[in-house]
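Right, one structure below, let's go through it.
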Amino acid sequence: MSRSSRSLVAVGVLSLFGAWSDQARAVGVAAGTDIDSTAQVTYSVGAVNASSTSNTTSVKVAEVLDVVVTLQTASVPVVPGATQQELVYRVTNTGNGPEAFLLQVISTLGGDDFDPTQASPSIYFDTDNSGDLTGGDVPYSPGNNDPVLAADAFVTLLVVNDIPAGVTDGNRGFSRLTATARTGSGAPGTSFAGQGAAGTVAVVGTTGGDGEATGQYLVASIALNAVKSQAVVDQFGGARPIPGARIDYTIVVSATGSGTAATSVFSDAIPANTTYVPGTLQLNSVALSDAADADAGDFSTVPTARVRVQLGDLTQASGSQTIQFAVTIN
Amino acid sequence: MIQGTVKFIAAAVIACALQAPAFAQGNCVELKTTGEVEKEVVNDKGEKTRTLVAAADAKVIPGTEVIWTVTAKNTCKEPSDKVVITNPVPEHMTLVPGSVFGAGAEVTYSVDGKTFAPAGKLTVTENGVARPARAEEYRQIRWAFTNPIPAGSSAFGRFRATLN
């Protein structure tokens, strides 16, 4: 249930941005390659057979200027006032020759609820390929360290913004990364004589020689609340907490706010001087086995006695989750 | 002894006499290839028309279609018979299906450069199973002209190929 609702969310984001793709493909033969054609002929004159070879016609492959920017993080959950929040992008040279690219960030876009504030610097190379901004990541400086990518090569970049303090739950803020071929961009077919690889002409490809992708920050402050109640049943038909009496615990977990509490886990220690009653663990009135196995719950005595239930991804719409288990008083 | 020497010379002269004309005939058919690209231009009336420009002067990029023409001209005073032109599809290029043209010639193809057969008659073996070869897999084109090329005349074959 939670899995299928999560896929729906993912699909929604995909159609919103339309720029998510696993692998951008570069086109064909490398710029500067010579394409040669030579033919042969055989014939006879009178009774004599002969043959000859044609001239070789040679064509040099021109350079195509193409680039694709793809977003690697669908939507980044943030809290108001958060700093140094990163969006992960990939810039792929889909042309057929080595090319340098100019990178730019725009965070003042329409269609969202707030404008993220560009950090300074606002673009980093993901030097250590961690997908996160870390100390070793090199900041991008336009004109000084423009990424030079071979045909088909890509570079991973982190776009860093701060989140204004005044934003509220469910607000979205867009930030866009643009990459432009240094040799030139414009209408497909525009050419730059002698500026391609190996002195060939450079031709703007179908992408226009530039590419962009827009990421989003989503303000999400979800809180999980747990309310625990108990009922005591003693072995004499009463409700006195005496040795041998049984305590039935009921815990109701609910999520409030926006966003998703991912892979939520409920864990509760068995109280001192009590013993867990095997086989009493339930989630929403469905029994869970005590073993750590395919179902969501398990009981363990290591390192201390506790019950645990995997609740998965919880949102406000998930509704309350009811966990039950029982102990006896030693 | 003397007689023997004379015979030897005579034999050498005869050999020369036979070879000389054959050597000359080796240059009878002059073969020329050209590569061209179709370019859209706007004429004086503002209409879009297509013209051919030499591929070497065009912007040839992956996906560009090049029209290759191979022309055989008979430069001798006698007709050249059994004229067969073979042209490989250039490396890094793929033959455009149905684009091969050759008036008065029987056209055959080859996948491996050894076996030539008409379109649709070639097979390739894939994972141990033979299947018909696709036009994109043809690597050689052969034009076998049915009639002799008269003195001073030309014949040509043409195909289109796309840059990979």
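Listed in order, the protein sequences are those of chains F and X. First residue of the first sequence: 5, per the working numbering; consecutive thereafter. First residue of the second sequence: 9, per the working numbering; consecutive thereafter. Ideal Cβ placement from N, Cα and C applies to all residues, glycine included.
I need the DSSP call for residue i, collapsed to helix, strand or coil.
i	result
Q108/F	strand
P29/X	The pLDDT assigned to P29/X is 41, lower than 50, so where the model puts this residue is not dependable; a value taken from the coordinates is nonetheless given after this. Three-state result, P29/X: helix.
D173/F	coil
E55/X	coil
Q320/F	helix
R150/X	strand
E144/X	helix
D26/F	Reliability of the predicted coordinates at D26/F is poor, the pLDDT of 37 falling under 50, and the value obtained from them is presented with this limitation in mind. In this structure, D26/F counts as coil in the three-state DSSP scheme.
G203/F	helix
D65/X	helix
Y93/F	strand
I226/F	coil
G283/F	coil
D156/F	coil
L171/X	strand
K122/X	coil
F196/F	strand
Y253/F	strand
D214/F	strand
P143/F	strand
K85/X	coil
Q76/F	coil
For residue i versus residue j, is the C-beta distance shorter than 8 angstroms?
i	j	result
T279/F	T332/F	yes
L161/F	Y93/F	yes
R150/X	V119/X	no
T204/F	A43/F	no
S268/F	L222/F	no
S56/F	L39/X	yes
W76/X	S41/F	yes
G165/X	G110/X	yes
A259/F	L287/F	no
A86/F	I69/X	no
Q328/F	T254/F	yes
A159/X	T102/X	no
V159/F	F129/F	yes
T41/X	V78/X	yes
D119/F	G170/F	no
Q89/F	V82/F	yes
A206/F	S195/F	yes
A309/F	D302/F	no
L171/X	G32/F	yes
A80/X	A152/X	no
S225/F	G283/F	no
V281/F	R244/F	no
A266/F	D252/F	no
F124/X	T116/X	yes
R186/F	F270/F	no
Q320/F	G242/F	no
V257/F	A298/F	no
V63/F	N97/F	no
T154/X	G112/X	yes
Mind pulling the chain X residues with CB within less than 9 angstroms of residue i?
i	result
S189/F	The premise fails here: S189/F is roughly 16 angstroms from chain X at the closest Cβ pair, so nothing lies under 9 angstroms.
T383/F	In the structure as shown, chain F begins at 5 and stops at 334. Residue 383/F is therefore absent and cannot be evaluated.
T57/F	L39
Starting from the beta carbon of residue i, find every residue of chain F whose beta carbon is closer than 7 angstroms, and list them in chain order.
i	result
P70/X	V31, G32, V33, V68, N100
T133/X	Chain F residues near T133/X: none, gap ~27 angstroms exceeds 7 angstroms.
L103/X	Chain F residues near L103/X: none, gap ~12 angstroms exceeds 7 angstroms.
A80/X	V45
Counting only Cβ pairs nearer than 8 angstroms, list the residues of chain X close to residue i.
i	result
D40/F	P98, E99
Please compile the residues from chain F whose C-beta is within a distance smaller than 8 angstroms of the C-beta of residue i.
i	result
V92/X	V45, T46, Y47
N51/X	What N51/X touches in chain F: nothing, since even the nearest Cβ is about 19 angstroms away.
S88/X	Y47, S48, V49
A155/X	Rather than Ala, the amino acid found at residue 155/X in this sequence is Asn. Result: empty, since nearest Cβ-Cβ is about 12 angstroms, beyond 8 angstroms.
L171/X	G32, V33, I39, V65
V74/X	I39, V63
Anything in chain X within Cβ reach of residue i, meaning under 7 angstroms, just list it in chain order.
i	result
V207/F	K67, I69
S195/F	K67
Can you pull the chain F neighbours of residue i, defined as C-beta to C-beta under 9 angstroms?
i	result
A174/X	The first residue shown for chain X is 9 and the last is 172, placing residue 174/X beyond what the model contains.
Cβ contact (3+ pairs, closer than 8 angstroms) linking the segment 150–159 of chain F and the segment 217–235 of chain F: no
Inter-stretch contact at 8 angstroms, needing at least 3 Cβ pairs: the segment 43–53 of chain F / the segment 83–92 of chain X: yes
Taking contact to mean 3 or more Cβ pairs, one atom from each stretch, closer than 8 angstroms, check whether the segment 175–186 of chain F and the segment 109–123 of chain F are in contact. yes
Mind listing which residues of the segment 35–47 of chain X have their C-beta closer than 8 angstroms to chain F's C-betas, in chain order? N35, C36, V37, E38, L39, K40, T41, T42, G43
Using 8 angstroms as the cut-off, can you tell me whether the segment 165–173 of chain F makes contact with the segment 138–149 of chain F, which would need three or more C-beta pairs spanning the two stretches below that distance? no
Any C-beta of chain X within less than 8 angstroms: which residues of the segment 79–99 of chain F qualify? none
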